[in-house]
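*Asks:*
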Amino acid sequence: MFTKKVKTLLAVALPVALAASVVVITPASAGGTLTRTPGQEVSYKPYGPEYANVATTKDGNDACSWYNTSKKDYSGKTLRVLTHAIPNMGKPTALHAKQFEELTGGKVEVEHASFGDLYAKQLRSFQTDTNQYDVVFNGSYQIGDFHSFYAKVPDSVTKGNGSLATLTPLYKELYKWDGETKLFGIDADRHFLKYRTDVYENAAAKAFYKSKTGKELAVPKTWKEYNQHAKVFNGYKPAGQPAGVKFSGTTEITQKGGLMFGAFIDRVAPYAKNPNVKGGFWFDENMVPQVNNPGFVAGLTDFVEATKYMPVGGKNFDLSKEIESFGRGDSLLSYTWDDAWSKSNEPTSPIKNKVKAAPLPGAEKVWNRVTKKWDTPKGGVNYAPYIAWGWSSAVTAASPAKAMAFDYLCFWANEANHKLDLTIGDMGVNPSRTGDFTSDFWVKEMNWGKPAVDSWLSTMQNYEKNTNRVFDLRVPGVSDYMTAMENGVAKALAGQATPQKALDEVAKEWNAITKRVGITKVKSAYQNVIALEDNIR
Amino acid sequence: MKKGYPRFFLLPGLILLIAIIIFPLLFTIRVTFSSWNVSQTGLNFIGGENWAEMARDTRYWGSMLRLFYLSFLTVAIQYALGFAIALFAWKGIAARRFFRVLWLIPMMTTPSLMAIIWRSIFTEDIGALNGLLSRAGLDPVNWLTESGPANVAITIAEVWQWTPFMFLILLAGLLSLPKEPFMAAAIDGASAWKTFARVTFPMMAPISIGAIMIRLIDASKIFDSVFTMTRGGPGNATETPAAYIFQRSLQDFQIAYGSTLALTYLILAILTLTIIGKVFARLSKPRGI
Amino acid sequence: MSLILKNVSVSSDKDGVILDDISFEFKPGRIYILIGRTTSGKTSLMRAIAGLLPIDSGEITMNGENFDEKPIWERDVAVVYQQFINYPNKSVLENVEFPLLRKGMSKTEAREAALASINKVGLSDYLDRKPAQLSGGQQQRVALARSLSRKSQIMLLDEPLMNLDYKLREQLRVEFREIFNSQKDAVTIYATTEPPEALILGAEILVMHEGRIVQHGSPTEVYEKPQSTTVARVITDPPMSILPVSISNGEIRFGDGYAQPIPAKMKNFKEGRYQAGIRANDIEIAKSGGEKGTISLVEVSGSETLVYVDTPSGEIVLQMEGIHDVKVGESISVELPSNRLFLFETNGALCVSPDNAGE
Amino acid sequence: MYKVLKATFITVWSLFVLFPIMWAITTSFKPESAVVNGATFIPFLEFQPSLIGWKAILPGPDSITNLMTPTLNSLIVTAGATAISLIFGSLAAYGLSRFTYGWKNYSNADIIFFFVSQRIMPPVVLAIPFFLLLKQLKLLDTHLGLILVLTSGLMPIVVWLMVDFFNALPREIDEMAMLEGCNPIQAFFRTILPLSKPGLTVAGMFCVIFGWNDVFFALTLTATKVLTLPVAVIALNGTVTPYWILAASTVFSIIPLVGLAFVIERFLSRGSLGGAVR
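Those protein sequences? They're chains A, B, C and D, same order as listed.
Per my numbering, the first sequence runs over residues 595 to 1131.
Per my numbering, the second sequence runs over residues 2 to 290.
Per my numbering, the third sequence runs over residues 20 to 378.
Per my numbering, the fourth sequence runs over residues 409 to 686.
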């Protein structure tokens, strides 16, 4: 009964499949179909109506410009690419794959996966020597798990007029492992504070705050202030509030498995990252986890308190819900990645021009793990921004087509593409090169408000200069450490354990992970993180 | 009869199944004695460390307990509701065919996709349910961030998805019942309730047991709804073994430890289901058909 | 050249012994009637011959070939079941053709033979019907036609008339006799619980009890000289009344009461305890004397009346021609003519049977 | 009273069944703004319907993903796994129904339990070993590989259903066939199989439902070539959850199976499902 159906199915399917393969093969046999001249205009418009409103730009002079790429011939060769779901990274990867195919005649197969699957799929491929992919995408914090499976990025890309030559110095460092560039950085993320100007720059709101607290309202300098503002304005109705949207104090990432560890680190760092204590933020010299020291506990206690001032459902927000919630005007304050920021600057945003950026809040005290005492910071506030990971990609060490793979990535991120990708919000490409930090581009080409852009750019430059920064735990097993931490934090947020008890459990779990992964392995990897934390490189 | 013929029937299926399953099973057993994780690839030998760790893993045993009530509760509700609607769809209902089709539909949907739809219904800020509540002037409920409501939400999603399975099996069973006992009951003047208790229900016992067992097996793997809707949260309030094993094995990539948990789970599940099966068999015997 | 069973035994865990050391030679061209109670092993014996029931020990040979080594489908045994077994998804014609095609007949040959066979059982008008669209009797005729058309060497019929109505039975019995007799080379074994059927079909009777063949012989032989009370009970319908008696002082005495002088045939017997059997139609209502009892049940069947009488010695069943007006609970005396008595040892073995017992 | 209760129950249950489906359908016609700014229910009144979700998944200039190839893959994989499970599963079920197998202390009941117990193992655990197995067999990202793996989960259902079904068919039919010159294999194929259509249909439907809806194995064991429909839909779950696209894809992917509900109902009404589950 079924065999009959299968036969009919095949009778239909086979000709279709054959026809499809003919279409693919035809241009390949003739090499690239697209011919380019130097400096010719680059436009995404031919690639679908969704790109109709995207600006055009001149082709760059870099090594992987459209013109230079069109000179290559990869006819008959195939690249296997594993990337994130559409649109974030998935969209540019697919777009540039199509363009690359047209320019070089090669074939680029793109597989999309959710963030969790992205990690699992490549790790599985690597651990079992299956060699399924030539190019993979990842979060740069996972470098500790993956570095040995990745090929070194050639100097032609990182130096001279390669695509990565203009990365800011901080990010050049972040894509290295033991001094070798292993990640192809196409994005750079920072966490920063986003606040609503229709409260912070509004006389009525300021008066309201003063009447409630007796203090002047200013952009929060500490997490204590952050929480207090959230508390006072929870349920308030700002002047520019979109109709029908309830206002609450703060929108944060609170769901375990939803990148909540990033939010937690933001809140904890200024309490626990002491500029006068060198040699480790996450662990001490003897690899004793610091995750349950009073600094971490203080940060978590704030976090737990803040859940009272979150919008409905706010205790179960992953990154996407955070973006969505703050983007529609749910709350006064938010922090973490750039996305919510971009969202609120989009032309259709209900809170356009009502949001500004500022550095992450600090703390009025900071734990000293050596003296086991709270220190009072210089200037009264300890700032310790978390330099969060961003999207990166890599060419696998086992790939039989490394040259083509690097050419593809280099093209992906060439000057012209990078510039256009920056303007398309949902692609997930954020400023990471020296040229990205001029307000002209954002104000003129993107039509963002100048005050907002200025506050944002100065925040980012502030981070480049700050010397008391926290970085991801870039060691093997980082996912284990982070999920264990998230699980403990989630328990505290849900009220199932006190912050101290929850983090004590995490510390116990961390010891087990360290033991499992191997203390020497973790320790030696952690030295690289310490170098970043202590500004040794 | 020669042995060849009986073998001809059983062996191809059995061998195919064993061939598919034997390697994964043996591999899983072997890997539990290794430390395969994200940074240690391959089958080294570390003795019973994983097993010892599991014994201490309160999160695992907590999820196991949770599974017990979650699976028994959902299957019990599914059975009761499934039986009820099967009785209604059996006879004496207008537009019978319409209702039968309608009530079957949830089973046809992809659980992992429906879990996303359920998430969009229960999501507290933009979800349908709180939207309706607010329109009715009621306060929103923390469907996914409070332990009680979160368990209710998952139960609702599971009941929606799988009651039709019970419904289908039970309705088919009802339709195949012989007519004579019902006539006899009618002649005796038994009330509707008595007919159900004395005739329908006992005659449906064997089929009920089969359906319940299969559902219990599948329900013990509750994963899609939990992982998509709450990720096991708030805290660990809705985490089931399948979700926890998924976290350990595929998110944290602790292949060895995850396999240890899974193997234990498998053994416990087989034991429990065997016992349940025996109990059912005994319960249904005295009334026998 | 015949079907020979040698020491065939089958036992099972659940029901104990099913067939107990059966040895018998079935000759071709003959009809054997297996008679016995429902669980006496008739069906099991047939299933063993057909190969459906594996035997534990012993040997079955057909024409000198060891049957045990032959699988069912090579034994060429035709079976008609008491239930009407046909292929539900095939039409009447297809049902009958099926075994013929399996035997390797060409399509035209098979069709011809099938049509002839269907004609024989009178179903020519129903060729295209599915079995479920036929009455019970018609279904059984399809089954018969299927078996008959095969012309097998062995034909087994397991109470084929059991589930049919009276008239059809009568009719088919007669037809059977003709059909069976026309199959010169085949061994036909016919199982039944009903003695009249056995008598009508004639041939050789095998009486089965508890997995054994307890007596075999021609119908008259078995009927006149049942070798035990068991056989007597099985072979007699309505059932033979069997009562304890004692012989002493030239008298035969039922229980403690009713006594008669011993008939000539029993003169030589020692005094002591025996069992006496008597057929229902040999019993009469006593005009005077006789064994006294109470009527417990009255059955009218056709033109005869069966009266069950409880007496101090045991239950007595008598058959009377015509319809009689007797009521349950009435006292009655019955006369048990001594010249019609079968005398058995207390262990059941036959001592003596009356003259012309078959009448 | 009873009638009122019954009518109420039927109404409430039907609404409950319909609600998520209606919600999915309305959501699939919502623009982003009607989703992320709070719940909306009534088209035109509360939101302006938009085809953005549907355009994203159907072929056309606005398509962000190709669901046609995945649909074809799902069809092939489901049909293949169903066919193999039905063939091998019903053979085994017939054997288990008609013959007695014994090995040491294990009886037919134990063998049946062995089959059914294959469903107990959570697929999560089997992901890695299956991955290694298929890698060794060079079957990763192939239809056959996925079909084999799915078969291990579907065959138990077939065996479970078909053993009961065959038990309900009179043994005398296959005995008769054997007496009439069929060996057991011929008896099965010529007489039992034609009688088993209702049972096979039900078992096949369960296979189709469970096979079509599998996500986990398809996610783990395939990449670009054998992307199945549910996996393609789940891969749309990006940084921002596009509920309107997901809802459209969900509706799209359940349409073929809702057709099955009609088929099942027809079988029910004809009563031919009866013996299938006894």
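All C-beta atoms in this analysis are idealised placements derived from N, C-alpha and C, irrespective of residue type, glycine included.
Treat the numbers as computed from the prediction; the structure is a model and nothing was measured.
Does the region 992 to 1000 of chain A come within contact of the region 1063 to 1077 of chain A, defined as at least 3 CB pairs closer than 8 Å?
*Replies:* With a cut-off of 8 Å, the region 1063 to 1077 of chain A and the region 992 to 1000 of chain A do not count as touching, because too few Cβ pairs lie within range.
*Asks:* Can you pull the chain D residues whose beta carbon is under 7 Å from the beta carbon of residue 726 of chain A, in chain order?
*Replies:* As a working mapping, residue 726 of chain A is identified with position 132 in the first sequence. Within 7 Å Cβ-Cβ: 631.
*Asks:* Going by alpha carbons, who is nearest to residue 103 of chain C out of C:128, C:127, C:158?
*Replies:* Taking the first residue of the third sequence as position 1, residue 103 of chain C is located at position 84. Of the candidates C:128, C:127, C:158, the one whose C-alpha sits nearest the C-alpha of residue 103 of chain C is C:158.
*Asks:* Should residue 384 of chain C be labelled buried (16 or more other beta-carbon atoms within 10 Å of its own) or exposed?
*Replies:* An answer regarding residue 384 of chain C cannot be provided, because it is not within the stretch 20 to 378 covered by chain C.
*Asks:* For the region 213 to 253 of chain B, which segments carrying the alpha helix (DSSP H) assignment without a break, of at least 4 residues, lie completely within its bounds, in sequence order?
*Replies:* 225 to 230, 242 to 247
*Asks:* Are any of the Cβ atoms in chain D nearer than 7 Å to that of residue 914 of chain A?
*Replies:* As a position in the first sequence, residue 914 of chain A is number 320, starting the count at 1. Interface annotation, residue 914 of chain A: in contact with chain D, CB-CB separation under 7 Å.
*Asks:* Express the C-alpha separation of residue 672 of chain D and residue 601 of chain D in angstroms, rounding to a whole number.
*Replies:* Residue mapping note: residue 601 of chain D aligns to position 193 of the fourth sequence, counting from 1. Residue mapping note: residue 672 of chain D aligns to position 264 of the fourth sequence, counting from 1. Looking at the backbone, the Cα of residue 601 of chain D and that of residue 672 of chain D are separated by about 20 Å.
*Asks:* Helix, strand or coil: how does DSSP classify residue 79 of chain B here?
*Replies:* Position 78 of the second sequence, counting from 1, holds the residue named residue 79 of chain B. In this structure, residue 79 of chain B counts as helix in the three-state DSSP scheme.
*Asks:* Going straight from the alpha carbon of residue 622 of chain A to that of residue 552 of chain D, what length do you get?
*Replies:* Mapped onto the first sequence, residue 622 of chain A falls at position 28. Mapped onto the fourth sequence, residue 552 of chain D falls at position 144. A caution first: residue 622 of chain A carries a pLDDT of 33, below 50, which makes its placement in the model unreliable, though a value can still be read off. Taking the CA atoms as reference points, residue 622 of chain A sits about 29 Å from residue 552 of chain D.
*Asks:* Pair every Cβ in the region 241 to 259 of chain C with every Cβ in the region 343 to 360 of chain C, then say whether three or more of these pairs are closer than 8 Å.
*Replies:* no
*Asks:* So, is the C-beta of residue 602 of chain D closer than 7 Å to a C-beta in chain C?
*Replies:* In the fourth sequence, the residue the question calls residue 602 of chain D occupies position 194. Yes, contact with chain C.
*Asks:* Taking the straight line between their C-alpha atoms, what separation do you get for residue 142 of chain C and residue 131 of chain C?
*Replies:* Looking up residue 142 of chain C in the third sequence gives position 123. Looking up residue 131 of chain C in the third sequence gives position 112. Near 14 Å, if we compare the C-alpha coordinates of residue 131 of chain C and residue 142 of chain C.
*Asks:* Could you tell me which of B:276, B:275, B:277, B:248 sits nearest to residue 263 of chain B, measuring between CA atoms?
*Replies:* Counting from 1 along the second sequence, the entry for residue 263 of chain B is found at position 262. Answer by Cα proximity: B:248.
*Asks:* Quick check: the region 122 to 134 of chain B against the region 202 to 212 of chain B, are there 3 or more CB pairs under 8 Å?
*Replies:* no
*Asks:* Under 7 Å, Cβ to Cβ, is there at least one residue of chain D near residue 922 of chain A?
*Replies:* Looking up residue 922 of chain A in the first sequence gives position 328. Yes, its Cβ sits closer than 7 Å to a Cβ of chain D.
*Asks:* Just curious, the alpha helix (DSSP H) that residue 14 of chain B is in, first and last residue?
*Replies:* By one-based count along the second sequence, residue 14 of chain B stands at place 13. DSSP places residue 14 of chain B inside the alpha helix (DSSP H), whose first and last residues are 5 to 32.
*Asks:* Nearest to residue 1137 of chain A by CA position, among A:1003, A:1017, A:763, is which residue?
*Replies:* No statement about residue 1137 of chain A is possible, as the shown extent of chain A runs from 595 to 1131 and does not include it.
*Asks:* Which residue wins for smallest C-alpha separation from residue 1110 of chain A, given the options B:257, B:59, B:158?
*Replies:* Here the question's residue 1110 of chain A lines up with position 516 in the first sequence. Comparing Cα-Cα distances from residue 1110 of chain A to each of B:257, B:59, B:158, the minimum goes to B:257.
*Asks:* Is the beta carbon of residue 7 of chain B sitting closer than 7 Å to the one on residue 461 of chain D?
*Replies:* Stepping through the second sequence from its first residue, residue 7 of chain B is reached at position 6. Stepping through the fourth sequence from its first residue, residue 461 of chain D is reached at position 53. Not in contact: residue 7 of chain B and residue 461 of chain D (Cβ atoms no closer than 7 Å).
*Asks:* With burial defined as no fewer than 16 other Cβ atoms inside 10 Å of the residue's Cβ, what is the status of residue 971 of chain A: buried or exposed?
*Replies:* Sequence index remark: in the first sequence, residue 971 of chain A carries index 377 (1-based). Buried is the call here.
*Asks:* What's the gap between the Cα of residue 1065 of chain A and the Cα of residue 980 of chain A?
*Replies:* Taking the first residue of the first sequence as 1, we reach residue 1065 of chain A at position 471. Taking the first residue of the first sequence as 1, we reach residue 980 of chain A at position 386. The alpha-carbon atoms of residue 1065 of chain A and residue 980 of chain A are separated by roughly 6 Å.
*Asks:* Are residue 669 of chain A and residue 699 of chain A close, meaning C-beta to C-beta below 7 Å?
*Replies:* To locate residue 669 of chain A, count along the first sequence from 1; it is residue 75. To locate residue 699 of chain A, count along the first sequence from 1; it is residue 105. Taking 7 Å as the Cβ cut-off, residue 669 of chain A and residue 699 of chain A qualify as a contacting pair.
*Asks:* Check the Cβ of residue 121 of chain B against every Cβ in chain D and list those closer than 7 Å, keeping chain order.
*Replies:* The residue you call residue 121 of chain B lines up with position 120 of the second sequence. Those are 435, 651, listed as they occur along chain D.
*Asks:* For the region 995 to 1027 of chain A, enumerate the residues whose C-beta is nearer than 9 Å to any C-beta of chain D, in chain order.
*Replies:* 1020, 1022
*Asks:* Does the Cβ-Cβ distance between residue 72 of chain B and residue 220 of chain B come in under 7 Å?
*Replies:* Mapped onto the second sequence, residue 72 of chain B falls at position 71. Mapped onto the second sequence, residue 220 of chain B falls at position 219. Yes, Cβ-Cβ distance for residue 72 of chain B and residue 220 of chain B is below 7 Å.
*Asks:* Please confirm whether residue 16 of chain C and residue 52 of chain C have their CB atoms less than 7 Å apart.
*Replies:* Residue 16 of chain C is absent from the model: chain C starts at 20 and stops at 378.
*Asks:* So, is residue 632 of chain A buried or exposed, given that buried needs 16 or more other C-beta atoms within 10 angstroms?
*Replies:* As a first step, residue 632 of chain A must be located in the first sequence, where it is residue number 38. Exposed.
*Asks:* Answer with yes or no whether the minimum CB distance from residue 910 of chain A to chain B is below 7 Å.
*Replies:* Counting from one through the first sequence, the residue named residue 910 of chain A turns up at place 316. Under the Cβ criterion of 7 Å, residue 910 of chain A is counted among the residues facing chain B.
*Asks:* Looking only at its chain, what residues have a beta carbon closer than 8 Å to the beta carbon of residue 75 of chain C, apart from the 5 residues adjacent to it on each side?
*Replies:* Looking up residue 75 of chain C in the third sequence gives position 56. Result list for residue 75 of chain C: 28, 29, 30, in chain order.
*Asks:* What are the boundary residues of the alpha helix (DSSP H) that includes residue 497 of chain D?
*Replies:* By one-based count along the fourth sequence, residue 497 of chain D stands at place 89. Element bounds for residue 497 of chain D: 476 to 506.
*Asks:* Out of D:501, D:532, D:657, which has the shortest C-alpha to C-alpha gap to residue 404 of chain D?
*Replies:* Only positions 409 to 686 of chain D appear in the structure, and residue 404 of chain D is not among them; the question remains open.
*Asks:* If contacts are defined as beta-carbon pairs under 8 Å, then residue 79 of chain C and residue 68 of chain C qualify, I think. What distance do you get, rounded to the angstrom?
*Replies:* Counting from 1 along the third sequence, the entry for residue 79 of chain C is found at position 60. Counting from 1 along the third sequence, the entry for residue 68 of chain C is found at position 49. With a Cβ gap of about 6 Å, residue 79 of chain C and residue 68 of chain C count as contacting.
*Asks:* Alpha carbon to alpha carbon, how far is residue 697 of chain A from residue 654 of chain A? Give it in angstroms, no decimals.
*Replies:* Walking along the first sequence from the start, residue 654 of chain A turns up at place 60. Walking along the first sequence from the start, residue 697 of chain A turns up at place 103. Taking the straight line joining both Cα atoms gives about 16 Å.
*Asks:* Quick one: residues in its chain with C-beta nearer than 7 Å to the C-beta of residue 1113 of chain A, no 5 flanking neighbours on either side, listed in chain order?
*Replies:* The residue given as residue 1113 of chain A occupies position 519 in the first sequence. Within the same chain, residue 1113 of chain A has close Cβ partners 881.
*Asks:* Does the region 338 to 354 of chain C touch the region 283 to 291 of chain C, meaning 3 or more C-beta pairs lie closer than 8 Å?
*Replies:* no
*Asks:* Skipping 5 residues on each side, what residues in its chain have a beta carbon closer than 7 Å to that of residue 916 of chain A?
*Replies:* Residue 916 of chain A sits at position 322 when you count from the first residue of the first sequence. The residues are 845, 846, 847, 928, 930, 934.
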